[in-house]
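Student:
There are 2 protein chains.
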Amino acid sequence: MSTSALPYRPHNHDACVAQALADARAICQQRNARLTPTRERVLELIWQSHKPLGAYDVLAVLTEDGHNAAPPTVYRALDFLQQHGLVHRIASLNAFVGCTHAGKHHNGMFLICRSCSNVLELTAPKVAQAVSDAASAEAFQPEDVMIEVAGLCPACRMDAPHD
Amino acid sequence: MSTSALPYRPHNHDACVAQALADARAICQQRNARLTPTRERVLELIWQSHKPLGAYDVLAVLTEDGHNAAPPTVYRALDFLQQHGLVHRIASLNAFVGCTHAGKHHNGMFLICRSCSNVLELTAPKVAQAVSDAASAEAFQPEDVMIEVAGLCPACRMDAPHD
DNA sequence: GAGAATTTGCAACATTATAACATTTGCAAA
DNA sequence: TTTGCAAATGTTATAATGTTGCAAATTCTC
Ligand SMILES: [Zn+2]
Ligand SMILES: [Zn+2]
Ligand SMILES: [Zn+2]
Ligand SMILES: [Zn+2]
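Heads up: the sequence lines are chains A and B, in that order.
The first sequence stops at residue 168 when you use our numbering, and every number in between is there.
The second sequence stops at residue 168 when you use our numbering, and every number in between is there.
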């Protein structure tokens, strides 16, 4: 019943990136946050695909750019982008992916394909509710919810043996 | 309506550890897996508390023990213990915690207190179902589900300001 | 323009995890 | 009981990821 979401659906990814960057500019302006050239470039790199990118991968590209970058350059940019909800860190991969719900308050749920590495971010209200209920039952006060699901995406399921 | 689970409830933790070790021996015997002295010692160390322990923390204790240990010693033992469902890795902390549901097939959900570091592992069928449904809606085939909730445990909520 | 605050450059360092290869140990068949 | 294999461990080195601290530069505010 549901249309398959990006990145599983073929899409114009250049437009995808352009939109993400435009949204980011709007969000930062609204918040008086400075989307400096380095930060914007890092965001753009993270958005190069729907596959998570490691901090040192970002660093390598910045270096190719001619940018005189060191690890803190990248981590600081990533911190900024995370704080403003523009990228997410995927803890199980030590890598970063662009947020597809930027601007809205949310705790994403990530479907991570172990074969092609694409990541789909969902907002699943029922999951969020169930997690919240389970925490409440233990009198636990949740602040940050991380849900990462590894498996096979639709495309890779078909290629895989034994269905 | 639910009784608060370990580790939030005061309990005889020595018995807690003893039980975990006994279970581990039984599980390994049943599987013809060898719970060697190093592996058992690492499991015991992980169980020293309900707080996650880093691999290098384990290593330090092994070294104190007089054991001539290097990082691979610890990581190999931890791999073994994970494969047999005796410990879990908490990705958001790069640390390991004893499994409180050893032997049963399960994907735990972890409530991690940011104040006291205690971790409570739950099996939340409703959460599991909701995650599974959300994945199915995207034709995604889940293999490994990681749910880590950071926040405040009951005890630390009371100490904290602003409730 | 002067002063304060934010951002960046830079060097060193800390932490977490793995690769590669030699050695030993446990176990079983000959 | 020897012999031979597979699993487990020891050992060294290195890779990958992330942080600290301080100085210089930039931007913002007045
Ligand atoms: Zn998001
Ligand atoms: Zn895939
Ligand atoms: Zn206990
Ligand atoms: Zn606590």
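Don't be surprised by glycine CBs; every beta carbon is placed ideally from N, CA and C.
Taking one C-beta from the segment 52–60 of chain B and one from the segment 116–131 of chain B each time, how about it: are there three or more such pairs within less than 8 Å?
Tutor: yes
Student: Anything in chain B within Cβ reach of A:GLU143, meaning under 9 Å, just list it in chain order.
Tutor: Taking the first sequence and counting its residues from 1, the one referred to as residue 143 of chain A is at position 138. Within chain B, the residues near A:GLU143 are SER7, SER9, ALA10, TYR13, LEU116, LEU125, LEU127, CYS158, PRO159.
Student: Out of A:LEU48, A:HIS16, A:ALA10, A:ASN17, point me to the one whose CA is closest to A:ASP169's CA.
Tutor: Only positions 6 to 168 of chain A appear in the structure, and residue 169 of chain A is not among them; the question remains open.
Student: If I'm right that B:ALA82 touches B:ILE32 with Cβ under 8 Å, what's the distance once you round it to whole angstroms?
Tutor: Looking up residue 82 of chain B in the second sequence gives position 77. Looking up residue 32 of chain B in the second sequence gives position 27. About 15 Å; that fails the 8 Å criterion.
Student: Any Cβ of chain A within less than 8 Å of the Cβ of B:GLN35?
Tutor: Looking up residue 35 of chain B in the second sequence gives position 30. So no, B:GLN35 is outside the interface.
Student: Would you say the beta carbon of A:ALA100 comes nearer than 7 Å to a heavy atom of ligand 2?
Tutor: Counting from 1 along the first sequence, the entry for residue 100 of chain A is found at position 95. No, since every heavy atom of ligand 2 falls outside the 7 Å radius drawn around the Cβ of A:ALA100.
Student: Give the residues whose C-beta lies closer than 7 Å to at least one heavy atom of ligand 1, in chain order.
Tutor: A:GLY90, A:HIS93, A:CYS104, A:THR105, A:HIS106, A:ALA107, A:HIS111, A:GLY113, A:GLU126
Student: Taking A:ASP19 as the query, report the chain B residues whose CB atoms sit under 7 Å from its CB, ordered along the chain.
Tutor: Within the first sequence, numbered from 1, the residue matching residue 19 of chain A stands at position 14. Those do not exist, as A:ASP19 stays about 23 Å from chain B at its closest Cβ, beyond 7 Å.
Student: With burial defined as no fewer than 16 other Cβ atoms inside 10 Å of the residue's Cβ, what is the status of A:TYR13: buried or exposed?
Tutor: On the first sequence, position 8 is the one that residue 13 of chain A refers to. So A:TYR13 counts as buried.
Student: Classify B:HIS72: buried if its beta carbon has 16 or more other beta carbons within 10 angstroms, exposed otherwise.
Tutor: For the purposes of this step, residue 72 of chain B is taken as residue 67 along the second sequence, with counting starting at 1. The residue in question, B:HIS72, is exposed, as its Cβ has fewer than 16 Cβ neighbours within 10 Å.
Student: Name the DSSP bridge partner or partners of B:GLU143?
Tutor: In the second sequence, the residue the question calls residue 143 of chain B occupies position 138. Answer by DSSP bridge pairing: none, since B:GLU143 is not bridged.
Student: Within 8 Å (strictly less), CB to CB, does B:SER97 reach chain A?
Tutor: Numbered from 1 along the second sequence, position 92 holds the residue referred to as residue 97 of chain B. By this cut-off, B:SER97 is an interface position.
Student: Over the uninterrupted alpha helix (DSSP H) stretch that includes B:CYS158, give me the two end residues.
Tutor: Position 153 of the second sequence, counting from 1, holds the residue named residue 158 of chain B. Boundaries cannot be given for B:CYS158, as no alpha helix (DSSP H) includes it and DSSP labels it neither H nor E.
Student: Taking 7 Å as the cut-off, is the CB of B:ALA160 close to at least one heavy atom of ligand 4?
Tutor: One-based indexing of the second sequence puts residue 160 of chain B at position 155. Taking the Cβ of B:ALA160 as the reference point, at least one heavy atom of ligand 4 falls within a distance shorter than 7 Å.
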